[in-house]
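> Adding 1029 to a residue's 1-based position in the sequence shown gives its number in my numbering. Using N, Cα and C, we set each Cβ at its ideal position, and we do this for glycine too. Pasting a structure here, questions to come.
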Amino acid sequence: MPPRTVTFRAATAAAVIALGATLLAASPQAGAAAAEPAPVTDYCQGQCDDILPPGENGNATLVEILGNKAFGTHPAHSDDQLDRYNGLVAGHTGLTDQKLTEFFNDASFGVPKDQVESVTSPRDDVTITRDKASGVPHIKGTTRYGTEFGAGFAAGQDRLWLMDLFRHIGRGELTSFAGGALANQGLEQQFWPQAPYTEADLEAQVEYIRTHEGARGEQAMADAQAYVDGINAYRDKSKNGRYFPGEYVLTGKIDAITNVGEIQPFKLTDLISIASVVGGQFGGGGGGEVTAALSLLAAQQKYGVAEGTKVWESFRQREDPEAVLTVHDGTSFPYAGKPDKARGTALPDSGSVTAEPLIHDRTGSAGTDRKTPVKAPAALKKAQGIYDDGVIPEGSLPGSGSGAQRRGMSNALLVSGEHTASGNPIAVFGPQTGYFAPQLMMLQELQGPGISARGVSFAGVGMYIQMGRGQDYAWSATSAAQDITDTYAVDLCEPDGSTPTKDSTHYLYRGTCTAMETLERTNSWTPTVADSTAKGSYRMQVRRTNYGIVTHRATVGGKPVAYTSLRSTYRHEADSIIGFQMLNDPSYVTDAASFQQAASHIDYAFNWFYADSRTAAFYNSGMNPVRAADVDPALPVRAERAYEWQGYDPAANTAAYTPFAEHPHSSGQDYYISWNNKQAKGYAAAGFGLSAVHRGDLLDQRVSKLVEQGGVTRASLTRAMAEAAVTDLRGEQLLPELLKVIRSRPMTDPELNAAVQQLESWRAAGSQRRESSPGSHAYTHADAVRIMDAWWPKLVEAEFRPGLGDDLYGALTAGLATDESPAASHGPSGAHSGSAFQYGWWGFVDKDLRQVLGRPVKGPLARTYCGGGDASGCRDALLASLKQAVAEPATAVYPGDDNCKAGEQWCTDSIIHRPLGGIAQKAIHWQNRPTYQQVVEFPAHR
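Below is the structure:
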C-alpha cells in the first residue's frame, strides 16, 4: 500500500462514523423518503457577494444561437453579470459597502420568495430554484443522491455543450468531436500528451478513490455517479424535448429537422478526463527541466562551467530574498531547494536534444487550415463557420498556444480582524481562469445532507463547490505551481543487447531492458456548418515509461537517453475530490484549523485561503514528492533507483509526500496577499520569474498600507484590488528606476524629452491603463501607455542582449518571456485575456538598474548588464531603445486582429469572452482581476 494511504488520515477517520449514515442515502434505492435537512443558518448576514461574468446560462438552443448571430440577442442570464463586472473599473473609486451589490451578486444562501424565477424538480428528493437576478441554481435535496443528481441536472442545463467539449479535450478527441480547425488540432496536441490515458487507466482512477480513501472515497464516487446520472437525465430530456444546445446541430451531431442523432451519455471516467484538463492546467507545477538545462548549458558555454552556473543561478532565482511573500512573518518552509552538491544531474550533450514526435500519418487538411465549406441550409447561414478558428481559439486556455507554458493565475487579499473596522476578517478573492462564454466554471448553491455551500465549480466536475462559501466561512484558491513535476533521463537499450540509438523504444528500468508503452489517438474530421476545415486525419502517439511520458530524446555523455516528465498527480487526476468534499461539509470545516486539514487533502498545487468571523488563514496544497537526497529538482536527473522519489511505486504513481507541517501555512497573520507569487521563505520557485518585482507587489503595497491605517472595510479592500487591476506593473514598479537613469544627465533631444515627460506624468497619476471617461475607449495617458508598450521589449533587449550574447539571451527568454502586457498576444491565455504581468523580466531589470545606480540589491545578478555596468552606457542604451519606441506608430504597437483595427489601443487591451459555444459577448475594459470573485465578511459564527 502506498505511503499516503497506509492509514486513514486523522481527520478522515474522525468523520467515518458520521459518514456511515450518509452513505445509506447515497444510492437511488434510498428513495426520497429521507427527512428534510435541518434549516441552514446563513451567518454572513448579507455580507457575502460574488460575481462570474458574463452570465450563469451557458446553453443556447439553435434558435437562440441564430438570433445572436442575426440580431445580437442573448438568451436570458447569459450576459447579465457582464456590465456589473465591467462597471467596477469606473465605479471603484467611490465604492462603499452599500454600493457593492451594484457590482456583485448577493451571495446569500437561498432565494427570497419574491425573487424566485423558476423551480424545477428533476426528482422528488431535490429542487432547483433559480433567482430572478442572475438565474443561479440553488439546489436543495432531501437525500444525498438527490442533491448530487440535482447538481448534475443543473450542470446539464447550464453547461452541457461545454462539458462535452472538455471531456473530449481531456481524451484527446477534440477534432473528431468538434472539427479539424487548426486551433483544435493544436489544443488536443498540447493537452493530451500531458495526461494520456487508456479507458482502463481512467477506470482505475475511479476505483482507486473508491478503495483507497475510506468512507469518504466511497461517498465521493457515489456522489459522482449521482452527478453523472443528473447530467444524463437532462441530456435525455433536452434531446427528446428539442431544447438541447444548438452546437450539436451545427457540428453535425443531430439533425435539426428529424432530431436524429445522439448526445453521447456521460460516464464516471469522463469526470476523470475533465479533471485532468482543469487540474493539470491550473493546479500543476514544475517541469520544464530540459529547457532549463539548455539555458544552463548556454551560460556555461559562454562563461565556463563555474561562472556560467553562477550567472544562470542568478537568473533562475530559486530563493530571491527580495521576492514578495504570502507568509511574510519570517516562517520558513524549505522545499525543492538547490543542494550544496547535486547528485544524478543529467545534462544533455550540446546540440543533442530533439523533441519527441507526436503526430503521425497525417492526411488531408491535417497540419493545415484548409477550408472546404459545406452547403449550409439557408436558415443556418448566419452560424456558418463559427468554429473555423477552433472551438477554443489558439492560446485562449492557460497552457495552450504557441510557446505556451503552464501559468498559474488568480489573486487573494485578506485582512485579519484586528485591522478591520468591524473586528472581523475580510476577504476579496477568486480564481483568474480566463474569459469564456460560457465560463469554464458555473455558480451554484448546494444544500443537502452533509453539503452546505455556494460558489463555483468547474463544469463537469461540479459535485461539490470548489471555491465559495459555507454557512460561516468562505474559501478560495490561487495557482501555486510549486515543483510537483520532475524530468528523468532514462537510458535507452535494445532487448537483444545491441547498441541503442536515440530512436530506441526500450529503456532500462531498475536494471531490466523494458519496452516503452505506446498510447495512441487516431482522430479524423469532415467539414460541418460550424467548422469548414477540409477532411483530414492524423494519429497522436506518446511513449509511456515507469518514469513518465517521453518528451525529448538526447545523449548524455555520448549515450542515448529519453527525457521523461513525471508529475505526482498523474494517475490521480480526481483524488482531490476528497478535499472538496470536506470543504463542503459543515460538520467538518468548523474553523481555520479544520479548513487547513481539508485543503491538505487536495493534491493539486494550490494556495488556499480562508476567512470566517474570527480568523483568516492560508494553506498550500499539493502532492509534493519527497526527493532523494541531494537531487536538484530544477534540472533533469538520471532514472536510477538512487535518484527516484522516496517510496516510488510506478504501478499507481505513488511515493512518499511531504507532510502537512512542511507545506506553507499560516493562521491569523495581519494580512495575506497572493497573485501567484512566492509562498514563503525556503519554498523554492519551480521556474523562472519569482523575483524582486512581481505583480503580487501591486497587492502587497496597497494592502499593507490599508493595514497600517487600520479600519479596513469590504469596500476599501475591494478598491485596493480594483486599483491594482488597472495598474501597469512596469509603470508603477520599474519606471522610477528607468527615469532615474535617464534623468541622470540633462536631456538634449526635444522629442525624447517630451516622451519622458509623458511617462513621468503617467507615473505620477498612478500608471493606470484606464479610460478617460466611461465608454470613451481611450486611455487618459494613451501616449505614455503606447510608449511603454513599444519600449519595454526593446529596452530589455538593449539592456541584456549585448552582455549575454545571442545564444544565452535566446535560451533565457525561451524559459521566461520578457513581457506580458495586456496588449501582448503571447501571454498565458492569448490576447484579450485580462491576466497580465504575471511573468516577465521585471525583476531582472529592477536588480540590474539598481546595480547600475549603486543601490543595495539582495540576491543580485551575477553580473551587471545595462551598458556593461557603466551608468553612462546604460543611459545611452535606454535612450536609444526609447527613441526607437517613440518612433513606432500605434498601428505597429497594436497591429490589430479579428476584433480590433490596427492602432486601437483600448480594444487591443480589452477583455473578450472567447465563445465556446454559439453566443458571442461584447468587449469590456481591461482588468487584471479574478474571473470569479468573492467579497466576504462574516459577522457571526456557529
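#1: Say whether chain C places a C-beta atom closer than 9 Å to the C-beta of K1707.
#2: Spatial neighbours of L1768 within its chain, please: CB distance less than 8 Å, with the 5 preceding and 5 following residues excluded, ordered by chain position.
#3: Can you check DSSP and say which residues form a bridge with C1077?
#4: What does the alpha-carbon distance come out to for the pair R1724 and S1696?
#5: Hey, could you find the ends of the alpha helix (DSSP H) E1318 is sitting in?
#6: So for C1895, helix, strand or coil by DSSP?
#7: Apart from the five residues on each side of it in sequence, which residues of its chain come closer than 8 Å, Cβ to Cβ, to G1586?
#8: Taking 8 Å as the cut-off, is the beta-carbon of S1107 closer than that to any non-hydrogen atom of the ligand ZN?
#9: The beta strand (DSSP E) spanning G1565 covers which residue range?
#10: Please classify D1515: does DSSP put it in a helix, a strand, or coil?
#11: With the cut-off set at 9 Å, would you say A980 and Y1256 are in Cβ contact?
#12: Sort T1449, S1205, P1294 by Cα distance to M1569 and report the nearest one.
#13: What number of angstroms, rounded off, separates the C-alpha of L1763 from the C-alpha of T1756?
#14: To the nearest angstrom, how far is it from the Cα of S1381 to the Cα of F1647?
#15: Jot down the residue ranges of each uninterrupted alpha helix (DSSP H) in the stretch 1697-1741, minimum 4 residues, whole runs only, in chain order.
#16: Please report the Cβ distance between D1501 and H1970, rounded to the nearest whole angstrom; I am assuming they are in contact, meaning their Cβ atoms lie under 8 Å.
#17: Which residues in the same chain as E1108 place their Cβ atom closer than 7 Å to its Cβ, once the five residues preceding and following it in sequence are excluded?
#18: Near G1164, which residues of its chain fall below 8 Å by C-beta distance, leaving aside the five closest residues on each side in sequence?
#19: Opposite T1543 in the DSSP bridges: which residues?
#20: Am I right that S1508 and F1311 are in contact with their C-beta atoms under 8 Å? What's the rounded C-beta distance?
#21: Between T1960 and G1459, is the Cβ-Cβ spacing less than 9 Å?
#22: Under 9 Å between the Cβ atoms of E1318 and Y1672?
#23: Does the Cβ of E1737 have 16 or more other Cβ atoms within 10 Å, making it buried, or fewer, making it exposed?
#24: If you check the beta carbons only, do Y1538 and L1521 fall under 9 Å apart?
#25: If you run the structure through DSSP and keep just helix, strand and coil, what is K1588?
#26: Under 8 Å Cβ to Cβ from E1826, same chain only, skipping five residues before and after it: list those, please.
#27: For C1891 and S1745, I'd like the C-alpha separation in whole angstroms.
#28: Starting from R1152, follow the beta strand (DSSP E) in both directions and report where the run begins and ends.
#29: Tell me, to the nearest whole angstrom, how far the beta carbon of L1300 is from that of A1603; I am working on the premise that it is less than 8 Å.
#30: Cβ of F1967 within 9 Å of Cβ of S1616?
#31: To the nearest whole angstrom, what separates the beta carbons of N1957 and F1829, a pair I think is in contact under 8 Å?
#32: Within the stretch 1096-1121, note down every full alpha helix (DSSP H) run reaching 4 residues or more, in order along the chain.
#33: Helix, strand or coil for M1192 per DSSP?
#34: Which one of T1125, F1717, V1618 has the shortest CA to CA distance from W1870?
#35: What residue range does the alpha helix (DSSP H) around S1790 cover?
#36: Cβ atoms of W1704 and L1719: under 9 Å apart, would you say?
Let's see:
#1: This model lacks chain C altogether; it includes just one protein chain.
#2: By one-based count along the sequence shown, residue 1768 stands at place 739. Excluding positions up to five away in sequence, the list reads V1785, L1788, E1789, R1792.
#3: Within the sequence shown, numbered from 1, the residue matching residue 1077 stands at position 48. Partner(s): V1965.
#4: Translated into the one-based positions of the sequence shown, residue 1724 becomes position 695. Translated into the one-based positions of the sequence shown, residue 1696 becomes position 667. So the two alpha carbons sit approximately 23 Å from each other.
#5: What you label residue 1318 is simply residue 289 of the sequence shown in a count that begins at 1. 1318-1332 is the extent of the alpha helix (DSSP H) around E1318.
#6: Taking the first residue of the sequence shown as 1, we reach residue 1895 at position 866. It is helical.
#7: By 1-based counting over the sequence shown, the position of residue 1586 is 557. Excluding sequence neighbours, G1586 sits near D1378.
#8: Here there are no bound small molecules, and the ligand ZN is not part of this structure.
#9: Here residue 1565 is taken as the residue at index 536 of the sequence shown, counted from 1. Where G1565 is concerned, the enclosing beta strand (DSSP E) stretches over 1565-1574.
#10: For the purposes of this step, residue 1515 is taken as the residue at position 486 of the sequence shown. Strand.
#11: Missing from the structure shown is residue 980; the chain here goes from 1030 to 1971 and no further.
#12: Taking the first residue of the sequence shown as position 1, residue 1569 is located at position 540. Per the Cα distances, S1205.
#13: Start at 1 with the first residue of the sequence shown, and residue 1763 comes out as number 734. Start at 1 with the first residue of the sequence shown, and residue 1756 comes out as number 727. Each residue's Cα considered, the two are about 12 Å apart.
#14: As a working mapping, residue 1381 is identified with position 352 in the sequence shown. As a working mapping, residue 1647 is identified with position 618 in the sequence shown. Taking C-alpha positions only, S1381 is separated from F1647 by approximately 44 Å.
#15: Fully enclosed alpha helix (DSSP H) runs of 4 or longer: 1725-1738.
#16: Position 472 of the sequence shown, counted from the first residue, corresponds to residue 1501. Position 941 of the sequence shown, counted from the first residue, corresponds to residue 1970. Contact holds; Cβ gap of about 5 Å.
#17: The residue given as residue 1108 occupies position 79 in the sequence shown. The sequence shown places Asp at residue 1108, rather than the Glu named in the question. If the five residues before and after D1108 are omitted, its C-beta is found closer than 7 Å to the C-beta atoms of P1083, G1084, Q1950, all from its own chain and listed in chain order.
#18: Here the question's residue 1164 lines up with position 135 in the sequence shown. These residues qualify, in order along the chain: G1084, E1085, N1086, A1105, H1106, D1109, E1146.
#19: The residue you call residue 1543 lines up with position 514 of the sequence shown. Paired residue(s): Y1536.
#20: Taking the sequence shown and counting its residues from 1, one reaches residue 1508 at position 479. Taking the sequence shown and counting its residues from 1, one reaches residue 1311 at position 282. At roughly 5 Å, the Cβ-Cβ gap stays under 8 Å, so S1508 and F1311 are in contact.
#21: Position 931 of the sequence shown, counted from the first residue, corresponds to residue 1960. Position 430 of the sequence shown, counted from the first residue, corresponds to residue 1459. Taking 9 Å as the Cβ cut-off, T1960 and G1459 qualify as a contacting pair.
#22: On the sequence shown, residue 1318 is found 289 positions in, with the first residue counted as 1. On the sequence shown, residue 1672 is found 643 positions in, with the first residue counted as 1. Not a contact, by the Cβ cut-off of 9 Å.
#23: Reading the sequence shown from its first residue, position 708 is the one you call residue 1737. In this structure E1737 is exposed. Its beta-carbon is surrounded by fewer than 16 other beta-carbon atoms within 10 angstroms.
#24: Residue 1538 sits at position 509 when you count from the first residue of the sequence shown. Residue 1521 sits at position 492 when you count from the first residue of the sequence shown. No, the Cβ-Cβ distance between Y1538 and L1521 is not below 9 Å.
#25: In the sequence shown, the residue the question calls residue 1588 occupies position 559. Of the three classes helix, strand and coil, the one that applies to K1588 here is strand, per DSSP.
#26: Residue 1826 sits at position 797 when you count from the first residue of the sequence shown. Excluding positions up to five away in sequence, the list reads Y1838, T1847, S1910.
#27: On the sequence shown, position 862 is the one that residue 1891 refers to. On the sequence shown, position 716 is the one that residue 1745 refers to. In the sequence as displayed, the identity of residue 1891 is Ala instead of Cys. C-alpha separation (whole angstroms): 41 Å.
#28: What you label residue 1152 is simply residue 123 of the sequence shown in a count that begins at 1. That run of the beta strand (DSSP E) goes 1145-1152.
#29: Within the sequence shown, the letter at position 271 stands for residue 1300. Within the sequence shown, the letter at position 574 stands for residue 1603. Yes, they are in contact, since the Cβ atoms of L1300 and A1603 sit about 6 Å apart, within 8 Å.
#30: On the sequence shown, position 938 is the one that residue 1967 refers to. On the sequence shown, position 587 is the one that residue 1616 refers to. Contact flag unset, no.
#31: Position 928 of the sequence shown holds residue 1957. Position 800 of the sequence shown holds residue 1829. No, N1957 and F1829 are not in contact; Cβ-Cβ is about 25 Å, not under 8 Å.
#32: 1111-1120
#33: What you label residue 1192 is simply residue 163 of the sequence shown in a count that begins at 1. The answer is helix: DSSP assigns M1192 an H, G or I state.
#34: Along the sequence shown, one-based indexing puts residue 1870 at 841. Comparing Cα-Cα distances from W1870 to each of T1125, F1717, V1618, the minimum goes to F1717.
#35: In the sequence shown, counting from the first residue as 1, residue 1790 sits at position 761. Per DSSP, S1790 belongs to the alpha helix (DSSP H) from 1779-1793.
#36: Stepping through the sequence shown from its first residue, residue 1719 is reached at position 690. Stepping through the sequence shown from its first residue, residue 1704 is reached at position 675. For L1719 and W1704, no; Cβs fall outside 9 Å.
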